[in-house]
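Taking it in order: structure first as structure tokens, then the write-up.
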Amino acid sequence: MMTAEAQGGRFPKLFQAAIDAFSLPDLRAKILFTLAMLALYRFAAHIPMPGIDQVQLDNLFQNNQLLGFLDLFSGGALRRMSIVALGVFPYITASIVMQLITPVIPSLQELSREGEAGRAKINRMVHWLTVPIAMAQGYGQLILLQQSNVLTTVGFFGPALLPTAAALVSIVAGTLFLVWLGELITERGIGNGISLIIFAGIVAGFPRLLSQGFGVTDDILGIGFFAIIGVLIVALIVMFNEAHRRIPVQYGRSIFRGGRMYRQSGATYLPLRINSAGMIPLIFAFSIVILPGTVATYFATSTGWIGDVARFFADLLIPTSPPYWVMVFILVVIFTFFYTLVVFNQQNLAENLQRNGGFVLGIRPGRPTQDYLNRVIVRITMGGALFLGFIAIVPYIASLITGVQAISLSSTSLLIMVGVGLDTMRQLEAQLMMRNYEGFLK
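Per my numbering, residue 917 is the first one in the sequence shown, and the count goes up by one each step.
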């Protein structure tokens, strides 16, 4: 646990670490390269797709809370309907799908065990899968834009063919461009590039979000209380991301010295994170909850019973309705368990421990160790899943209490920002430690 003295000295170390980082030419080049790529992404977010009626597009976003919620993660690119309106989410969806199907397809399991070469092949498959996902999501957006008179013609026959093809090519190319930028940042910059692109989009949308959320009320007390809740959420997310349970592990090994064999042993621990799944369950849960409402908006302008049913679901599954947040809570808990167990089983911790001469104290190696670790991960994931579900619905509860309509300031965005920030800080610290500089996470 961090002492008060350590906490007081943390921020000076942070500033000193930033100075140290910029004093090193190679590390300064990495940081500047990362910032340049993020600036290029923000420039692309202002390039509109061809054929967009901006006036009708503004009217669409004013009357559709769901699209406004989705726009938060694109940093305004969706509101402008730019060529990068989909962001990197088709790539994330493809990555999640590949992670979920890898354990059940033997050929993919073999690839995942082939080290760097196998991971490169799986990543190539993720790229291929990104294209049809981006095309499907992009075409759905084009249909919605046509129904809202933002686009005049959408289709694959007659005069609509070329405009539709141009728009789809722009959308898919924009997504692949962002994926390329993200991989460049990961390879040549600081931090995880895909995560930093999402981070930059959320940060870019904050000024407009705060002005909309706080500009509709003059209740200073409510605004202050909402701000305090936001700070507490950030603190809880930091603690939640860093929390883990230590499993004591003993290693025994033999060494040869002077022609004789000696037995040496060492004790360490295996850290099992409370939040092993990270932000993936939140992204997946919100994607599932948003899907029915998004589909309903496509048919909301229809006449007859189809239009009535579509409007019912469109009104039911908006980010200000209780059923929406109940579904979010349930799905977050379910996906946290599912994703954590899938990822945990892929790691084969018990097998790797046994192969390296390690064992959990008091537990026999092999299958008993695997069963023990499974029981532990289920117990700690129970608390983690409930906490993650609670964090997901806190903005809705806070809005009910304070009256400040800042629903879009979701815990998903806060969790992403905090997680990406901590991960980038760790990588920067590692770079500094390699150069004999003191890290700022001490």
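Built from N, CA and C at the ideal position, the CB exists for glycine as well. Because the structure is a prediction, the values reported are computed rather than measured.
For the candidate residues Leu1247, Ile1163, Asp936, whose alpha-carbon lies nearest to that of Pro1197? Locating residue 1197 in the sequence shown gives position 281, where the first residue counts as 1. Residue Leu1247 is the option with its Cα nearest to Pro1197.
Run through DSSP, which three-state label would Pro1281 get? Along the sequence shown, read from residue 1 onward, the residue named residue 1281 stands at position 365. Of the three classes helix, strand and coil, the one that applies to Pro1281 here is coil, per DSSP.
Which of helix, strand or coil does DSSP assign to Phe1073? Reading the sequence shown from its first residue, position 157 is the one you call residue 1073. In this structure, Phe1073 counts as coil in the three-state DSSP scheme.
Assuming Ile1008 contacts Ile1199 under a Cβ cut-off of 8 Å, what Cβ separation, rounded to an integer in Å, is found between them? Counting from 1 along the sequence shown, the entry for residue 1008 is found at position 92. Counting from 1 along the sequence shown, the entry for residue 1199 is found at position 283. Contact holds; Cβ gap of about 7 Å.
Does the stretch 958–974 come into contact with the stretch 1068–1084, if we say contact requires no fewer than three beta-carbon pairs (one atom in each stretch) closer than 8 Å? yes
Checking the sheet assignment: what are the DSSP bridge partners for Phe938? Within the sequence shown, the letter at position 22 stands for residue 938. Answer is none; Phe938 lacks a bridge partner.
Host beta strand (DSSP E) of Gly1274 (start-end): If you number the sequence shown from 1, residue 1274 lands on position 358. Segment 1274–1276, the beta strand (DSSP E) holding Gly1274.
Can you tell me which residues form a DSSP beta bridge with Gln1015? Here the question's residue 1015 lines up with position 99 in the sequence shown. Answer is none; Gln1015 lacks a bridge partner.
Name the one or two DSSP bridge partners that Gly1186 has. Walking along the sequence shown from the start, residue 1186 turns up at place 270. One detail in the question is off: residue 1186 reads as Leu in this sequence, not Gly. Note: Leu1186 sits in a beta bridge opposite Ile1163.
Would you identify the three-state DSSP class for Ser998, choosing helix, strand or coil? To locate residue 998, count along the sequence shown from 1; it is residue 82. The answer is strand: DSSP assigns Ser998 an E or B state.
With a 10 Å radius around its C-beta and 16 neighbouring C-beta atoms as the bar for buried, classify Asn1268 as buried or exposed. On the sequence shown, residue 1268 is found 352 positions in, with the first residue counted as 1. Burial call: exposed.
If you reduce the DSSP assignment to three classes, tell me which class Pro966 lands in. Taking the first residue of the sequence shown as 1, we reach residue 966 at position 50. Coil.
Residue range of the unbroken alpha helix (DSSP H) whose run includes Ser1028: As a first step, residue 1028 is located in the sequence shown; it is residue number 112 there, counting from the start. Note, Ser1028: alpha helix (DSSP H), 1022–1028.
Please work out which residues of its chain come closer than 8 Å, Cβ to Cβ, to Ile1293, disregarding the five sequence neighbours upstream and downstream, and give them in chain order. As a first step, residue 1293 is located in the sequence shown; it is residue number 377 there, counting from the start. Leu1188, Ser1192, Thr1256, Leu1257, Phe1260, listed in sequence order.
So which of Leu951, Leu1024, Ser1329 has the shortest CA-CA distance to Phe1202? As a position in the sequence shown, residue 1202 is number 286, starting the count at 1. Here the closest residue by C-alpha is Ser1329.
Whole alpha helix (DSSP H) elements within the stretch 1029–1109, 4-residue minimum: 1032–1063, 1077–1104
Contact between the stretch 1329–1347 and the stretch 1112–1122: three or more CB pairs below 8 Å? yes
Could you give the distance in angstroms between the alpha-carbon of Met1014 and the alpha-carbon of Ile1038? As a position in the sequence shown, residue 1014 is number 98, starting the count at 1. As a position in the sequence shown, residue 1038 is number 122, starting the count at 1. Between Met1014 and Ile1038, the C-alpha separation is close to 8 Å.
Can you have a look at Gly915 and say buried or exposed, based on whether 16 or more other CB atoms are within 10 angstroms of its CB? Nothing can be reported for residue 915, as the shown portion of the chain is limited to 917 through 1358.
Collapsed DSSP secondary structure at Gly992 in the structure displayed: Reading the sequence shown from its first residue, position 76 is the one you call residue 992. The answer is coil: DSSP assigns Gly992 none of H, G, I, E or B.
Return the residue from the list Trp1096, Ile1313, Ile1234, Ile1087 that minimises the CA-CA distance to Ile963. By 1-based counting over the sequence shown, the position of residue 963 is 47. Of Trp1096, Ile1313, Ile1234, Ile1087, the residue nearest in Cα terms is Ile1087.
Say whether the stretch 1284–1303 touches the stretch 1230–1239, bearing in mind that this needs 3 or more beta-carbon pairs closer than 8 Å, one atom from each stretch. no
Boundaries (first-last residue) of the alpha helix (DSSP H) holding Gly1003: In the sequence shown, counting from the first residue as 1, residue 1003 sits at position 87. Run containing Gly1003: none; DSSP gives neither H nor E here.
Given that a residue counts as buried once 16 or more other Cβ atoms are within 10 Å of its Cβ, and exposed if not, what is Ser1023? Numbered from its first residue, the sequence shown carries residue 1023 at position 107. Label assigned to Ser1023: exposed.
Assign Leu1233 to one of three DSSP states: helix, strand, or coil. For the purposes of this step, residue 1233 is taken as the residue at position 317 of the sequence shown. Here Leu1233 sits in coil by DSSP.
May I ask you to report which of helix, strand or coil DSSP gives Asn1191? For the purposes of this step, residue 1191 is taken as residue 275 along the sequence shown, with counting starting at 1. Asn1191: coil per DSSP, three-state reduction.
Could you tell me whether the stretch 1107–1115 touches the stretch 1273–1284, using the rule of 3 or more Cβ pairs below 8 Å? no
Looking at the structure shown, is Thr1219 part of a helix, part of a strand, or coil, going by DSSP? For the purposes of this step, residue 1219 is identified with residue 303 of the sequence shown, where counting begins at 1. Coil at Thr1219, not helix or strand.
What's the gap between the Cα of Ala1143 and the Cα of Ile1021? As a first step, residue 1143 is located in the sequence shown; it is residue number 227 there, counting from the start. As a first step, residue 1021 is located in the sequence shown; it is residue number 105 there, counting from the start. When rounded, the distance between both Cα atoms is 47 Å.
Pick from Leu954, Ile999, Pro1311: whose alpha carbon is nearest that of Leu1148? As a first step, residue 1148 is located in the sequence shown; it is residue number 232 there, counting from the start. Comparing Cα positions, the closest option is Pro1311.
Thinking just about the alpha-carbon of each residue, which of Gln1166, Gly1194, Thr1184, Val1165 is nearest to the one in Ala1159? As a working mapping, residue 1159 is identified with position 243 in the sequence shown. Nearest C-alpha to Ala1159: Gly1194.
Rounded straight-line distance, which links the Cα of Pro1208 to that of Pro1239: Indexing the sequence shown from 1 puts residue 1239 at position 323. Indexing the sequence shown from 1 puts residue 1208 at position 292. Near 13 Å, if we compare the C-alpha coordinates of Pro1208 and Pro1239.
Pro1164 and Thr1091 closer than 8 Å at C-beta: Taking the sequence shown and counting its residues from 1, one reaches residue 1164 at position 248. Taking the sequence shown and counting its residues from 1, one reaches residue 1091 at position 175. No.
Mark Gly992 as exposed unless 16 or more other C-beta atoms lie within 10 angstroms of its C-beta, in which case mark it buried. In the sequence shown, residue 992 corresponds to position 76, counting from 1. Per the 10 Å Cβ criterion, buried.
Starting from Ala1266, trace the alpha helix (DSSP H) both ways and give me its first and last residue. Here residue 1266 refers to the residue found at position 350 of the sequence shown. Note, Ala1266: alpha helix (DSSP H), 1265–1271.
With a threshold of 8 Å, are at least 3 pairs of Cβ atoms found where one atom belongs to the stretch 1095–1112 and the other to the stretch 940–953? yes
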